[in-house]
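Asker: Have a look at this one.
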Amino acid sequence: MTDKKDFADSIRQKLEDWDYQLDRLTARLGDKRDEWRAEAKQRIADIEERRDALEAKLEKLESHGEDAWQDIKAGVELAWDGLKTGLLAARSEFEDGK
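Under the working numbering, the first residue of the sequence shown is numbered 39, with each subsequent residue one higher.
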């Protein structure tokens with residue numbers, strides 16, 4: 039297996055895990071105040087946009103040859119960090135009972 043494939047598989051697994059976490063967070067929104075729920079829905083929409091951007095970068099990485107993937111890898115890692123940070127922040131706010 040190549041480094042590129044290992045990297046892509048790793049990111050795909052992380053995406054699946056975070057999709058599950060995001061689904062759980064979304065399902066629990068009904069337990070919160072209307073004001074907070076609207077804010078949380080916006081944060082979730084932002085996270086979903088970041089997730090879609092990461093998916094697009096990952097598909098680009100997978101479709102390029104071995105020699106170009108290192109250049110694309112940095113963009114994928116940056117997108118992953120943004121997605122992870124956004125979801126962790128949203129989950130933290132949710133658990134704080136805002």
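Beta carbons are placed, not taken as given, at the ideal position from N, Cα and C, and that holds for glycine.
Can the beta-carbon of PHE13 be found closer than 8 Å to that of LEU63?
Answerer: The question about residue 13 has no answer here: the residues shown for the chain are numbered 39 through 136.
Asker: If we call anything under 8 Å between Cβ atoms a contact, is LEU67 one with ALA78?
Answerer: Indexing the sequence shown from 1 puts residue 67 at position 29. Indexing the sequence shown from 1 puts residue 78 at position 40. Result yes, Cβ atoms of LEU67 and ALA78 sit closer than 8 Å.
Asker: Please confirm whether ALA76 and ALA117 have their CB atoms less than 8 Å apart.
Answerer: The residue labelled residue 76 in the question sits at position 38 within the sequence shown. The residue labelled residue 117 in the question sits at position 79 within the sequence shown. In terms of Cβ geometry, ALA76 and ALA117 do not form a close pair [threshold 8 Å].
Asker: Less than 8 Å between the C-beta atoms of GLU100 and ALA46, yes or no?
Answerer: Residue mapping note: residue 100 aligns to position 62 of the sequence shown, counting from 1. Residue mapping note: residue 46 aligns to position 8 of the sequence shown, counting from 1. Yes, Cβ-Cβ distance for GLU100 and ALA46 is below 8 Å.
Asker: Identify the continuous alpha helix (DSSP H) that holds ALA117 and give its terminal residues.
Answerer: Residue 117 sits at position 79 when you count from the first residue of the sequence shown. 107–133 is the span of the alpha helix (DSSP H), which, as asked, contains ALA117.
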